[in-house]
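The sequence shown begins at 0 in my numbering and counts up one residue at a time. Here a beta-carbon is modelled for each residue, glycine too, at the ideal position from N, C-alpha and C. Remember, it's a predicted structure, so these values are computed and weren't measured experimentally.
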Amino acid sequence: MMSKKLIYIAGPTAIGKTSIAIKLAKKLSTEIISCDSRQFYKEMAIGTAVPNKSELNTIKHHFIQDRSIKDPLNVGDFERLALKVISKIFCKSDYALMVGGSGLYADSIIFGLDDFPKISINTQNKLNILYKESGLKGLQQLLKEKDLEYYNTVDLNNHHRLLRALSVCLESNKPYSIFLGKSKSVRNFKTKIFILHESRELLYKKINLRVDQMISNGLEGECKSLIKLRHLRPLQTVGYNEFFSYLDGNFSREFIIEEIKKNTRRYAKRQITWLKKYKTAEWINPKDASANILTNL
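Pasting the structure below:
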């Protein structure tokens, strides 16, 4: 099956990956696998900017709003399930498309998962105490000291990812980043990576417009309906965190909207840093991406 090819369309949030992927899927008569870990969940439609109904009806999408936030999908299960889906797609087509900005989930398909050390209860307890006493800032500072490389790419507002990385650092006495991409699983298909890229000014404009659209679409109402579930891992992310603080009465609505824009821009910057590690990827402009990808398959 080495003649089969997985095309990974990557890029920062809001750059336009979905529309390009749909155009390509039509041309190649194939289906789309989402590796955006925030779009897996039914309850998070507005805050994660999932493809609209028309887009979803045009091309078959996998891992888009197919489960509840009460049933989170970890990266190991995603790898197992997504590889099965890809195998089925290859029975019908020479190509499969993977789209999304969650680097760890994409890497699980391209490279396989890494062989992390087993984390002791003692290490877990130490980190839980640190988080309880010092909050996010305490975790961020320790990660900056232990693994600056991963600190520069991770979502610093996601305490689960900070705790996971720090647990590996403390258990192994090595940076978490050296484990990423260390193991290479054998895949029976080729992978071609295309990264959408444009000027910071244009990207930030798109991000700001997307946040405004989310607000118009009812992000506040979505967050109100989910506030009792705010402790669940999928909801501890940009857009939801800020609105939960607003609903607690801590900040004004205008302030948290600007915070969402700022934190989304920061998230995009970290996504770009992660994507730079794909040394064989082709960086292309979104404007002519479909034609460029088809030409370079």
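Quick check on this structure: which residue in I31, R209, M43, V237 has the alpha carbon closest to the alpha carbon of N56? I31
Does the beta-carbon of M1 have 16 or more other beta-carbons within 10 angstroms, so that it is buried, or is it exposed? exposed
Should G137 be counted as a contact of the ligand MG given a C-beta to heavy atom distance under 7 Å? No copy of the ligand MG occurs in the structure displayed, which carries no ligand at all.
Considering only the alpha carbon of each residue, which of I6, K131, V167, P11 lies closest to I92? With the sequence shown as reference, residue 92 is identified as Ser, and Ile is not the correct amino acid for it. Nearest of I6, K131, V167, P11 to S92, Cα basis: I6.
In angstroms with no decimal places, state the Cα-to-Cα distance between K227 and L234. 11 Å
In the DSSP assignment, the alpha helix (DSSP H) including T122 goes from what residue to what residue? 120-145
Tell me whether V210 is buried or exposed, calling it buried when 16 or more other Cβ atoms sit within 10 Å of its Cβ. buried
Spatial distance of K83 from S289 (CA atoms): 26 Å
Tell me the residue span of the alpha helix (DSSP H) that contains Y266. 252-274
Tell me, which residues are paired with F193 by DSSP? I8, E281
Need the endpoints of the beta strand (DSSP E) that I31 sits in, please. 31-33
Start and end residues, beta strand (DSSP E) containing Y94: 94-98
In whole angstroms, what separates the C-alpha of E132 from that of F115? 27 Å
DSSP has Y40 in a bridge; who is on the other side? R66
Inter-stretch contact (C-beta, 8 Å, three-pair minimum) for the stretch 275-284 and the stretch 243-258: no
As a quick exercise: from H158, S171, D35, L138, pick the residue whose alpha carbon is nearest that of K117. S171
Give me the residue from I192, S53, S36 with the minimum Cα distance to G46. S36
So the candidates are L202, N127, I58, L27; which of them puts its Cα closest to the Cα of I271? L202
In its own chain, which residues sit with a C-beta less than 7 Å from the C-beta of N291, not counting the 5 before and 5 after it? I283
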